[in-house]
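Number of protein chains: 2
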Amino acid sequence: MSADSTVRVAVRLGAYYDSVVLMQLQRALSTLPGVLDAGVVMATPANREILAASGLTPSEEINAGPHDLLIAVKAESDSAAGEALARVDSLLQVRRGGGEQEFRPRSLASALKLLPEARWVLVSVPGRYAAGVADEALDHGRNVFLYSDNVPIEQEVALKRKALAKGLLVMGPDCGTAIVGGTGLGFANRVRRGNIGLIGASGTGLQAVTSHLHQLGAGISQAIGTGGRDLSAEVGGITAGQALDLLGRDPETRVIVLISKPPAPEVAAHLLSAARATGKPVVVNFLGLVPPLRRLGSIRFAASLTEAAELAAGLPRPRALTPVPSPAHSHPPPRERGTRLERSCWSPSSPGEGGGEGAGEEGRGDEGLGWGRSEAKVAPMAGFVRGLFAGGTLAYEARLALRTFLPGEGNTILDLGDDEFTVGRLHPMIDQDLRLRRLRQEAADPQVGVILLDVVLGHGAHADPAGELAPVIERIIADRGGSLDVIAIVVGTDEDPQNLAEQIATLRRAGAHVHRTVSEAVEAVWPRVGAGLDGREGARPALAVSLDALQSPLAAVNLGLESFYDSLLAQGARAVQVEWKPPAGGNEKLAGILARMKTL
Amino acid sequence: MSADSTVRVAVRLGAYYDSVVLMQLQRALSTLPGVLDAGVVMATPANREILAASGLTPSEEINAGPHDLLIAVKAESDSAAGEALARVDSLLQVRRGGGEQEFRPRSLASALKLLPEARWVLVSVPGRYAAGVADEALDHGRNVFLYSDNVPIEQEVALKRKALAKGLLVMGPDCGTAIVGGTGLGFANRVRRGNIGLIGASGTGLQAVTSHLHQLGAGISQAIGTGGRDLSAEVGGITAGQALDLLGRDPETRVIVLISKPPAPEVAAHLLSAARATGKPVVVNFLGLVPPLRRLGSIRFAASLTEAAELAAGLPRPRALTPVPSPAHSHPPPRERGTRLERSCWSPSSPGEGGGEGAGEEGRGDEGLGWGRSEAKVAPMAGFVRGLFAGGTLAYEARLALRTFLPGEGNTILDLGDDEFTVGRLHPMIDQDLRLRRLRQEAADPQVGVILLDVVLGHGAHADPAGELAPVIERIIADRGGSLDVIAIVVGTDEDPQNLAEQIATLRRAGAHVHRTVSEAVEAVWPRVGAGLDGREGARPALAVSLDALQSPLAAVNLGLESFYDSLLAQGARAVQVEWKPPAGGNEKLAGILARMKTL
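Line by line, the protein sequences are chains A and B. Going by this note's numbering, the first residue of the first sequence is number 1, and it counts up by one from there. Going by this note's numbering, the first residue of the second sequence is number 1001, and it counts up by one from there.
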């Protein structure tokens, strides 16, 4: 504070004001004569820091807490500051009384009587009241768009469990945006309608992707927000799981985009399983968590919001295929079988894609894995995955790729070339003794369903690794009566001394599935273990959200920010604004009295 | 152990044997009459566990440590086991004496007299002796391929610092593979020669990528291994940095691939800077760490080993452009200016790429950023990056993208829509008051060089965010006299109520650089801050490794595994095998005596 200015502060204890009213108060104060700056905030520590950074702290101590309103005025003179503060109540009054002509219900119940077809209730009241309002909406059998933030996570969990049991959606809390049946809720860009449905944890991620899709010429069917904590272990991705199921059934949606910060591992596995169960192509962008996989069946991973939009826009319309007869099995046939993707639409420019060495790699032959033919060959089954690797980097990449959908404890990837195994011992690329022993041990464990191996050819390596592995592989597969899959990754070239084609043929004759890259091998694991660890049934909510939720044109009741009500009307939706006030209670009574007292 | 078998064990205290000899001993023992299984290992805890898992533990306690040799035999009878153990010494002798006809030098010095043109020394002796041998090779002015593992990291740091000071390379320790001048060292696949040079932390990652490149029809110039710990903070990426510089000067190499586990943040920044300094296109795969960026100037990020190969193979040959005059500046002109990439060769299939809304987004216009035109506009400068975001997901993505090359403390991205800022306050997408205050504060800090902002349009958002930001942006840029860049990310569509084109134009008139995605905005930061934080000069070793290191045909001295010597000869390289034994010393004498004593 410079010598020629003064700061004075007023407090309103425990008073409730609409944030728009507060913003307008601040602006009005700033324009009063002699006023240099003004700040109007709830007195949280963060807000008080902000005031301080702007030189809006008075010299004396202020007695105010997070639920109290703090009004600070910096003026040229003490008298100018005092005059400004003296006008606070009238400024608040002017706004409060003015400009309301139409009748507005004062409760959700009466609003729903006015607009009974409303399937949605938008809630943007302050966080401490928001869960109560949302809960009331659920009791009325309505879906909730919960914009409010500062809602405790326990309240979020309770709301979402209740919604799940009732077959209703709770988007949020802290859900900034959504598009339902063509109408934007909260903050929403005007975008072309189309067949891409989105699910996003928060707000601006969805806005960025929907805007980019629009720019790319694509269109949006729905955009469902879940709130930033939905994919935490605590909430368990309840809303995201429901949303995947809903978009899976939505006839307008042909491609699904799922974006969020990295979920808790078990939530990620659940969502990928739910994504598969939709039977539709799904683009996933777990921000900052990009598995080294080209795809997982119907799922593609994007590295950025931009790439997510581009992958989704580049997707072809799925073509219906004749369903492939499924093997006898207790699980229902995967729904993806009705669809098929062209690989070329997914992969980045890869000039050699059509070429290769003609060694008949399964990686190439298995292109349809997860779709139709290949999945029909592979019965989904329970079982842990065990990796016995000679190559450290291959083991590392396999671990990264597998943990995307296999968070369980029982799945392990061992790097047998690690320092601890090679003291006085040749590297496993030369001496496979240790690996052969482990291979027999793992296979003897009936809980193990898949064994992953790498076979690295080249100068310096074992002269015939496949020849040494094959008899053991053949025996363990026979001993397990077909309940064990062995997947081998063969790294090498057609010029290597071991004879690549022969090595692959030897492994295949022994019963191993052969791939040429870690990505492809792990992708081949996905249909094998999915149903067993996180069955298709479990990936779907017991009570589905009704497709009514996606009604168009939309009808909704709005509590809180009037601008959201205005934008609903501007978009041609039907809406009712509730003239909401905090529920009357002991504290609120007190707050009302205190609000009339002014302190310096 | 079943009742009808017995296990007997012999120990050789502190004896040194070649691992190949030990493998052959184990195989020979296994085939003796009455023997069911045999294990020959150094008596480390890990190896003893492995023996135990195979039922190769005797009932009595064994007195042996990690440097002692443990020989275990499981046989049908005690006498069969005893007879097998009785043959251990003769089995070891047979191998040791046999099959050596040519003269073999017993020291590195005499080997180098035989083959003075050898630029490389291959070391695969046991880890505890390896650093000493490597150090001797450096003293002789030779580059080192250090296959040995179990070398302490302090020894690695010392070796690499010495090599750096001498302009020599140390690949490893634990370096499994390399290709130098067309010859594979250690484990190496036979691959087509070509113009892709690789740098990999470990072995099989390089083997997987080189093999895949070969399969794609591409060819390899060099493949340089660094060892798995090179990119740790402790080692600081010494070898990887030298290798980037070397491949940057290697006329055979036109595209560089860098693969490793995620480096220490400061090492990553250093290497990306070194990658830029090569002036060549670089594909980076930091396994499991994929920034949400399409590219950073000449650098592309791959999500997997497979994708790294595909990106490298898809790269066009760089075309020479007329150098663009550089602005007056103390830093030398960036070397990338001589080259230019076609964007279409990098991006995944993106059907809308040619379309868009014609709003004149800088994202589109700035395609050449980091190359030629755009970089000429932007003088590299020091300065921290500060982000003031309204969108949480946009802030999160920006943070992820920036930390790839800006690990520093001073670079911060603030999410002003976070719960702590929105208690009783409108979201910054509606009320920009707080952001305008922070904008002025950050700009007043002369250490700040770049301010990143998002501007999110759409229903519910501020009616004219650009109009409110523009005067502040214009003022702070003017106040800083051009030493501050403001980069805005505008998220919205041409149908949004705010008028997208007008919003962009307003920001541009105020002096902001405008992009449409976080990726593009962060990519635009890269050329601005690179030189200041980690200058081009710093990204290069003071004393460059001589191009002689890449000599072809290769000449090398090999100490350790004979199979590496054999494979050098098989590839037409000139090589000398040293008949290496551990250095004579007190312990070794003792070991020699003890080796003649046999214990049960």
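Note that CB positions come from ideal geometry on N, CA and C, so glycine has one too.
* **Spatially closest choice to residue 430/A from 465/A, 26/A, 409/A, by CA coordinates** => Indexing the first sequence from 1 puts residue 430/A at position 430. Of the candidates 465/A, 26/A, 409/A, the one whose C-alpha sits nearest the C-alpha of residue 430/A is 465/A.
* Reducing DSSP to helix, strand and coil, say where residue 1143/B ends up. => Taking the second sequence and counting its residues from 1, the one referred to as residue 1143/B is at position 143. Here residue 1143/B sits in strand by DSSP.
* Beta carbon of residue 1182/B, beta carbon of residue 1206/B: below 8 Å? -> Translated into the one-based positions of the second sequence, residue 1182/B becomes position 182. Translated into the one-based positions of the second sequence, residue 1206/B becomes position 206. Contact: no.
* Asked: Quick one: Cα of residue 1398/B to Cα of residue 1566/B, how far?
  -> As a position in the second sequence, residue 1398/B is number 398, starting the count at 1. As a position in the second sequence, residue 1566/B is number 566, starting the count at 1. Using only the alpha carbons, I get a separation of about 51 Å.
* Asked: Alpha carbon to alpha carbon, what distance is there between residue 1270/B and residue 1402/B?
  -> In the second sequence, the residue the question calls residue 1402/B occupies position 402. In the second sequence, the residue the question calls residue 1270/B occupies position 270. Roughly 14 Å separates the two Cα atoms.
* the stretch 31-59 of chain A: positions lying closer than 7 Å to chain B by Cβ -> 41, 42, 44, 46, 47, 50, 53, 54
* Asked: Roughly how many angstroms lie between the CA atoms of residue 21/A and residue 15/A, to the nearest whole one?
  -> Position 21 of the first sequence, counting from 1, holds the residue named residue 21/A. Position 15 of the first sequence, counting from 1, holds the residue named residue 15/A. So the alpha carbons of these two residues sit roughly 13 Å apart.
* Segment limits, beta strand (DSSP E) that includes residue 1204/B -> As a working mapping, residue 1204/B is identified with position 204 in the second sequence. Premise fails: residue 1204/B lies in the alpha helix (DSSP H), 1204-1215, not in any beta strand (DSSP E).
* 7 Å Cβ cut-off: residues of chain B touching residue 567/A -> Numbered from its first residue, the first sequence carries residue 567/A at position 567. Correct list: 1459, 1460.
* Along the alpha helix (DSSP H) that carries residue 476/A, what are the first and last residues, could you check? => In the first sequence, the residue the question calls residue 476/A occupies position 476. It spans 465-479 - the alpha helix (DSSP H) in which residue 476/A sits, taken as one unbroken run.
* To do: My understanding is that residue 485/A touches residue 513/A, with C-beta atoms under 8 Å, so please give their C-beta distance in whole angstroms.
  => Working through the first sequence from its first residue, we reach residue 485/A at position 485. Working through the first sequence from its first residue, we reach residue 513/A at position 513. With a Cβ gap of about 7 Å, residue 485/A and residue 513/A count as contacting.
* Asked: What is the residue span of the alpha helix (DSSP H) that residue 1399/B lies within?
  -> Within the second sequence, the letter at position 399 stands for residue 1399/B. Taken as a continuous stretch (DSSP letters only), the alpha helix (DSSP H) holding residue 1399/B covers 1392-1402.
* What first and last residue would you give for the beta strand (DSSP E) that runs through residue 1276/B? -> Start at 1 with the first residue of the second sequence, and residue 1276/B comes out as number 276. First-last for residue 1276/B: 1265-1277, but that is the alpha helix (DSSP H), not the beta strand (DSSP E).
* Compute the distance between the beta-carbons of residue 198/A and residue 223/A, then report whether it is under 8 Å. => Taking the first sequence and counting its residues from 1, one reaches residue 198/A at position 198. Taking the first sequence and counting its residues from 1, one reaches residue 223/A at position 223. With contacts defined by Cβ atoms closer than 8 Å, residue 198/A and residue 223/A form a contacting pair.
* Given residue 1084/B, which residues of its chain have a CB within under 6 Å of its CB, disregarding the five upstream and five downstream residues? -> For the purposes of this step, residue 1084/B is taken as the residue at position 84 of the second sequence. If you ignore the 5 residues before and after residue 1084/B, its C-beta comes within less than 6 Å of the C-beta of 1029, 1032, 1035, 1073, all in its own chain and listed in chain order.
* Asked: Can you find a C-beta in chain D that's less than 8 Å from the C-beta of residue 1473/B?
  -> Among the protein chains of the structure shown, namely A and B, there is no chain D.
* Which whole-angstrom value describes the C-beta separation of residue 578/A and residue 559/A, a residue pair presumed to lie in contact below a C-beta threshold of 8 Å? -> One-based indexing of the first sequence puts residue 578/A at position 578. One-based indexing of the first sequence puts residue 559/A at position 559. That belief holds up - the Cβ atoms of residue 578/A and residue 559/A are roughly 5 Å apart, short of 8 Å.
* To do: Measure from the C-beta of residue 232/A to each C-beta in chain B and report whether the shortest distance is under 8 Å.
  => Within the first sequence, numbered from 1, the residue matching residue 232/A stands at position 232. By this cut-off, residue 232/A is not an interface position.
* Asked: Would you call the stretch 1295-1304 of chain B and the stretch 1434-1444 of chain B touching, i.e. three or more CB-CB distances under 8 Å?
  -> Below 8 Å, too few C-beta pairs join the stretch 1295-1304 of chain B and the stretch 1434-1444 of chain B to call them touching: fewer than three.
* Asked: Do you know how far the Cα of residue 1557/B is from the Cα of residue 1580/B?
  -> Translated into positions along the second sequence, residue 1580/B becomes position 580. Translated into positions along the second sequence, residue 1557/B becomes position 557. Rounded to whole angstroms, residue 1580/B to residue 1557/B spans 11 Å at the Cα level.
* Three-state class that DSSP yields for residue 1526/B in the structure shown -> Translated into positions along the second sequence, residue 1526/B becomes position 526. DSSP places residue 1526/B within a helical segment (H, G or I) once states are collapsed to three.
* To do: Quick one: which residues of the stretch 1158-1171 of chain B get their C-beta closer than 9 Å to a C-beta of chain A? List them in chain order.
  => none
* Hey, is residue 1435/B's beta-carbon within less than 8 Å of any beta-carbon in chain A? -> Locating residue 1435/B in the second sequence gives position 435, counting from the first residue. Chain A, which has no Cβ nearer than 8 Å to the Cβ of residue 1435/B, makes this no.
* Three-state class that DSSP yields for residue 6/A in the structure shown -> For this step, residue 6/A is matched to residue 6 along the first sequence. Under the three-state reduction of DSSP output, residue 6/A falls in the strand class.
* To do: Measure the C-alpha to C-alpha separation of residue 1483/B and residue 1477/B and round it to an integer number of angstroms.
  => Along the second sequence, one-based indexing puts residue 1483/B at 483. Along the second sequence, one-based indexing puts residue 1477/B at 477. Cα to Cα, the separation comes out at about 8 Å.
* **Members of the stretch 1287-1306 of chain B that neighbour chain A once the beta carbon cut-off is set at 8 Å** => 1287, 1288, 1290, 1291, 1292, 1293, 1294, 1301, 1303, 1304, 1305, 1306
* Asked: Would residue 1416/B pass as a contact of residue 1521/B if the rule is Cβ separation under 8 Å?
  -> Translated into the one-based positions of the second sequence, residue 1416/B becomes position 416. Translated into the one-based positions of the second sequence, residue 1521/B becomes position 521. The answer is no: Cβ separation not under 8 Å.
* If you count every other CB in all the chains shown that lies within 10 Å of the CB of residue 1305/B, and 16 or more means buried, which is it? -> Within the second sequence, numbered from 1, the residue matching residue 1305/B stands at position 305. Taking a 10 Å sphere around the C-beta of residue 1305/B, we find 16 or more other C-beta atoms and assign the residue as buried.
* Of the residues that make up the stretch 549-580 of chain A, which ones have a beta carbon closer than 9 Å to any beta carbon in chain B? -> Within the stretch 549-580 of chain A, the residues whose Cβ lies closer than 9 Å to some Cβ of chain B are 561, 563, 564, 566, 567, 568, 570, 571, listed in chain order.
* Of all Cβ atoms in chain B, is any one closer than 8 Å to the Cβ of residue 189/A? -> Residue 189/A sits at position 189 when you count from the first residue of the first sequence. Yes, contact with chain B.
* Asked: Start and end of the alpha helix (DSSP H) containing residue 183/A?
  -> Within the first sequence, numbered from 1, the residue matching residue 183/A stands at position 183. It is not in any alpha helix (DSSP H) - residue 183/A instead sits in the beta strand (DSSP E) that spans 183-186.
* **Contact with chain B by residue 110/A, beta-carbon distance below 8 Å** => By one-based count along the first sequence, residue 110/A stands at place 110. With 8 Å as the cut-off, residue 110/A does not count as an interface residue toward chain B.
* To do: To the nearest angstrom, report how far apart residue 1113/B and residue 1105/B are at their CA atoms.
  => Taking the second sequence and counting its residues from 1, one reaches residue 1113/B at position 113. Taking the second sequence and counting its residues from 1, one reaches residue 1105/B at position 105. Separation of residue 1113/B and residue 1105/B (C-alpha to C-alpha, rounded to the nearest whole angstrom) is 10 Å.
* Asked: Does any CB atom of chain B fall closer than 8 Å to the CB of residue 202/A?
  -> Mapped onto the first sequence, residue 202/A falls at position 202. Interface annotation, residue 202/A: in contact with chain B, CB-CB separation under 8 Å.
* **Interfacial residues, the stretch 1197-1224 of chain B to chain A, with Cβ spacing under 9 Å** => 1200, 1201, 1202, 1203, 1204, 1205, 1206, 1207, 1208, 1210, 1211, 1212, 1213, 1214, 1215, 1216, 1217, 1218
* Residues of the stretch 1066-1078 of chain B whose Cβ lies closer than 8 Å to any Cβ of chain A, in chain order -> 1066, 1069
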